[in-house]
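Colleague: Residue numbers (the UniProt record's numbering): 1 to 151. Here you go, one structure.
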């Protein structure tokens with residue numbers, strides 16, 4: 001691995017408040033900006049961060065602001081690795097939770113598409129969860145440099 005391809009990483013944690021969801025999007029977007037992503041790639045990343053953080057707040061912590069959302073990211077070459085996690089209540093039936101349109105909180109009129117969106121917008125997507133211990137979402141996306149698009 002050359003000096004240019006060396007790993008760059010960051011981590012941040014914040015209170016499980018819905019107003020911090022936009023902060024999370026901006027932090028991740030700023031971190032990956034050195035890869036010069038296309039507008040579509042940047043929007044995909046911001047969307048998956050928004051979905052994952054919202055899941056942590058609403059489902060992991062039941063909107064309890066004393067919970068903490070953790071985000072870590074690293075860049076290897078042109079690939080962004082993201083991990084978004086909570087130490088909340090976890091998911092009882094992960095297979096069911098990953099079904100399109102499934103929501104554990106229908107009273108909130110949520111669409112139940114969060115995991116589906118994350119899976120479709122990223123190159124790799126994996127969720128692990130343990131009831132009573134929390135949920136971890138790991139995702140990868142390779143950025144196709146705009147420079148390559150113009151050559």
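In this text, a Cβ means the ideal position worked out from N, Cα and C, and glycines have one as well. Just so you know, these numbers come straight off a predicted model, no measurement behind them.
Using the C-alpha atoms, what's the distance from residue 28 back to residue 137?
Modeller: Straight-line Cα distance between these residues: approximately 15 angstroms.
Colleague: Suppose the cutoff is 7 angstroms on Cβ atoms and the five residues either side in sequence are ignored; what does the same chain contact list for residue 53 look like?
Modeller: Once the five neighbours on either side are set aside, the close Cβ partners of residue 53 are 21, 24, 69, 84.
Colleague: Quick one: Cα of residue 49 to Cα of residue 66, how far?
Modeller: The straight-line gap from Cα to Cα measures roughly 20 angstroms.
Colleague: I'd like the list of long-range same chain contacts for residue 15, defined as Cβ closer than 7 angstroms, with 5 residues on each side in sequence excluded.
Modeller: 65, 68.
Colleague: Decide if the segment 71 to 85 is in contact with the segment 31 to 38; the criterion is three or more beta carbon pairs, one per stretch, under 8 angstroms apart.
Modeller: The segment 71 to 85 is in contact with the segment 31 to 38.
Colleague: Leaving aside the five residues before and after residue 56 along the sequence, list all residues of the same chain whose C-beta is less than 6 angstroms from its C-beta, in chain order.
Modeller: For residue 56, where only same-chain residues beyond five positions count, the Cβ hits under 6 angstroms are 69, 86.
Colleague: Which partner residues does residue 136 have in the DSSP bridge list?
Modeller: Paired residues: 85, 128.
Colleague: Report the option in 93, 120, 143, 144 whose CA atom is closest to the CA atom of residue 131.
Modeller: Per the Cα distances, 93.
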